[in-house]
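Going by numbering that gives the first Met the number 0, the sequence shown opens with residue 0, and the numbers climb by one from there.
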Amino acid sequence: MRISLNWLRELVEIKLTPEELAQTLTMAGFEVEEIEDRRTWANGVVVGRVLQREQHPNADKLSVCQVDIGTGEIQNIVCGASNVRADIFVAVATVGTYLPNIDLKIKPAKLRGVQSNGMICSLKELGLPTDVDGIHIFPQEDLQVGTDVRPLLGLDDVVLDVTTTANRADALSMVGVAREVAALTGGRLKIPEPGDVVVPTERGNLSIKIEERQACPTYIGTAIANVKIAPSPDWLQQRLRAAGTRPINNIVDITNYVLLEWGQPLHAFDRERLQAIAGSENLTIGVRFAHPGETLKTLDGQVRHLSQQSLLITANDKPVALAGVMGGEESEVVDNTQNIILEAALFDNVAIRRSSRSVGLRSEASSRYERGVNFAGLEIATRRALSLITELTGGTIITQSQEDTRPDPANWSRTVHLRLQRVNEVLGPVNLGEQTGELTAADVERSLTALGCQLTPAENYSWNVTVPPYRYRDLEREIDLIEEVARLYGYDNFCDTLPETAEAGYLPFEQEILRRLRAAMRAAGLTELIHYSLVKPGEERQVVLSNPLFAEYSALRTDLISGLIDAFQYNLEQAKVALNGFEIGQIFWQDEDGLHEAETIAGILGGDTTVGKWSRGGKDKPMTWYEAKGILESVFTQLGISVEYQPDHRDSRLHPGRTASLWIGGERLGTFGQLHPQLRQQRDLPDAVYVFQLDLEVLFDALDKDEILVPRFQNYSTYPASDRDIAFFIPTKYTVTEIERAIAKAGKGLLESVQVFDEYRGENVPPGQRSLAFRLIYRASDRTLTDTEVDPIMEKVRESLVEKFGVTLRS
């Protein structure tokens, strides 16, 4: 919001410079983004009077003027404006003046052979917006030549561009900012109380009908007759321009002025045009939501197609304005308007936010309604507007009708319990010169009283704080009051000392593991992907949102694999390149125990990881199941964990014979497998596409061990290994993992590793069986093993396999 200091000084006593005030507001949470010192725009520009105007002898579009600027010497000035003439007062930039808005320093010059000493200025050259094409002519007839033009044009002002936080709706007004400045600086408030206006008791032919009382708790309609539409007085136009608002006419300017002063949006309708729309002299102003198919042409000339979320103002049930956002063009106040109806209303912030969004339109009024307008300020703003209208337009108040469903005025403020102990616990010690201390009861009382709160002492150094109505939406809890104490006392007055002893920083365990996991995945050639958590509804166990932004994305995902398959397909269609990627994210589901959430990691593999495709004629090499498993195994190896694989066929999206469940320490870690051929055919995907999904909670539990987290040196044997091979026929129902586990148990002690190196099914293999060959490596740390040491262990391994699995040994 743009704050004029001249206007602000009329509302509150200010002893600070603009820079000091900006620093004070910024430290209190109201960031001042810019200080616009308008005093520099026309420094050196004075009032001049054109005594004589003659045509330039060498240019058709130039004039030679004799101008009195009060120095006792008449200045010869060449002017190119078409509206310059004799006997007018103008703004003259004297020699040596710098005009920053056009980056021009005035110097004596010859224009087409004629000497010119100065420049007659337009408002645009002085930085002011205007619709007039030419120099500015002062309407006053009794000006003193040579005087400074800045007070006449409102350029003796400084404007602060202040950003308010979303919770401070009260600060979107000059009165609200004045209250804040008074609280921060101790300045005396001088807020004028609008005078009483006489409103006839006769209701006349104006009535109010509110269909949506929750969306519009209060509506006041006032009929005013015999208004004279004209430009606003200079003081009003100058204040509007300083606030960044373009003056239009006295009626519209008054509504904008009250909006800026009190933060209460108002709107004026042309009464005759309303009656023409309504088709009757008897007007019923209504508030309702739009019907399907209704349209409204707003003041910006755009035809708005309304939805059922659009809140409307109606005249005899016909739309005339978008409530709380913008008026309609067909009922706007125009130059020949004589009678008006002034709207002053309160609208629900949620209703206005949805209504504004539904038509893609936001205005100064809607931005205030969305944050919440003060209930107690409606009548004050209405009286202020009516008094200005009767004063500046000569209008007469005919009748006023209202419908009010606001709660009882006694409930417009709330009482919050505040404890001094809690204040000091949250805010900490304060600087007291060379020492530190705590906030006292007097500090708290002084700060909150300055904000307009009423404090009633309670037991144990606490208070019952009654919040003023204009801070009703902001100060709701004890912590809100503590924040206000901190702001008013000054954030820079609290201690910011570091601890006496510093410790090295560290990441939480989960964050450290996630970093290592991401690094391992990237090292394996996988690209990290990110998807939205919202997906299409229709799956089992989904958590469906009750108020989704989009109907097609109204449920939370139950796994990451579906999104990865979609990404793989999209990447293949767009870039013709297969994707190797992983994703870390949350999944959600519900069951009879309620709602659940878990963090998982999933990946998809199917791209050719090799280089040198020229040797294959540029063709991709399909990834085998073992290669995909090897990528996952390399990640586990870097993390320092051992994972077991068991056959699995729970997921219908995966190949029933090429899917494994992953286990670690007896806990199910996740799933790894190849996509089902039917799914690949439906999606037009390559044959070799593999996916995995792991439960991060299980992974965290497995890694939360010192021997894994802290790398330790392990002695290695300098003696040679002794390897043995064993081959046998075994029923296919047994997995390699089970066999390796049995071998490791039987050879415990000297057995260093077990590795399968051959599998055969076919001729000479008994039905229902397969031939497997394993290599067993034995090693001792202190000696070279002999056959007499290894052979008994090998015999024990053979006996164990025959006993447990019924194998037929081949070697």
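Beta carbons: idealized from backbone N, C-alpha and C, even for Gly. Here the structure is a predicted model, which is why all the values come from computation and not from measurement.
Assumed close pair residue i, residue j - CB separation to whole angstroms, cut-off 8 Å
i, j, result
"L661", "A601", "Not confirmed; about 12 Å, so no contact."
"S121", "A80", "7 Å"
"L310", "A350", "5 Å"
"L480", "L447", "7 Å"
"D252", "V332", "No, D252 and V332 are not in contact; Cβ-Cβ is about 11 Å, not under 8 Å."
"T398", "T217", "Going by Cβ atoms, the distance from T398 to T217 rounds to 18 Å, so no, they are not a contact pair."
"H654", "P676", "7 Å"
"S330", "L273", "5 Å"
"Q209", "Q401", "With the sequence shown as reference, residue 209 is identified as Ile, and Gln is not the correct amino acid for it. That pair is no contact at about 10 Å."
"E866", "E582", "Because the chain spans 0 through 810 in this model, residue 866 falls outside it and cannot be assessed."
"L24", "V131", "Actually they are not in contact, since the Cβ atoms of L24 and V131 sit about 35 Å apart, beyond 8 Å."
"W411", "A364", "No, W411 and A364 are not in contact; Cβ-Cβ is about 21 Å, not under 8 Å."
"L151", "W40", "Between W40 and L151 the Cβ distance is about 13 Å, and since that is not below 8 Å, they are no contact."
Reduced DSSP secondary structure (H/G/I, E/B, other) of residue i
i, result
"W462", "strand"
"R723", "strand"
"R405", "coil"
"F567", "helix"
"Y256", "helix"
"Y471", "coil"
"D786", "helix"
"W234", "helix"
"D67", "strand"
"T313", "strand"
"M118", "strand"
"Q510", "helix"
"V83", "coil"
"I379", "helix"
"P791", "helix"
"D590", "strand"
"I101", "coil"
"K803", "helix"
"Y505", "coil"
"Q307", "coil"
"V543", "strand"
"P138", "coil"
"E433", "coil"
"P150", "helix"
"K60", "coil"
"M520", "helix"
Environment of residue i [buried if 16+ CB atoms lie within 10 Å]
i, result
"H290", "exposed"
"A522", "exposed"
"I729", "buried"
"V286", "buried"
"W261", "buried"
"E175", "Sequence inspection shows Gly at residue 175; the Glu mentioned does not correspond to that position. Result: buried."
"H266", "buried"
"N100", "exposed"
"L103", "exposed"
"N373", "buried"
"L808", "exposed"
"T297", "buried"
Beta carbon of residue i nearer than 7 Å to that of residue j
i, j, result
"A181", "L188", "yes"
"A224", "N335", "no"
"V634", "A518", "no"
"P468", "G451", "no"
"I105", "T96", "yes"
"D722", "I776", "yes"
"V91", "G47", "yes"
"D647", "G669", "no"
"Q74", "G117", "yes"
"G748", "V796", "no"
Would the stretch 431-451 count as touching the stretch 389-396 if we require 3 or more Cβ pairs under 8 Å? no
On the three-pair Cβ rule with 8 Å, is the stretch 153-164 touching the stretch 56-63? no
Between the stretch 301-309 and the stretch 245-256, can you find at least three pairs of beta-carbon atoms closer than 8 Å? no
Count Cβ pairs between the stretch 410-426 and the stretch 226-241 that sit closer than 8 Å; are there 3 or more? In short, these stretches do not touch, since the Cβ pair count stays below three.
Is the stretch 690-704 close to the stretch 663-677, with three or more CB pairs under 8 Å? Taking a cut-off of 8 Å for Cβ pairs, the stretch 690-704 and the stretch 663-677 touch, as three or more such pairs fall below it.
When the Cβ atoms of the stretch 789-808 are set against those of the stretch 725-743, are three or more pairs found closer than 8 Å? yes
Counting Cβ pairs, one atom from each stretch, are 3 or more of them under 8 Å apart for the stretch 141-154 and the stretch 62-77? yes
Can we say the stretch 532-541 touches the stretch 550-563, given the rule of at least three CB pairs closer than 8 Å? yes
For the stretch 539-548 against the stretch 709-726, do three or more pairs of beta-carbon atoms, one drawn from each stretch, fall closer than 8 Å, so that the two count as touching? Remark: fewer than three beta-carbon pairs, one from each stretch, lie closer than 8 Å, so the stretch 539-548 and the stretch 709-726 are not flagged as touching.
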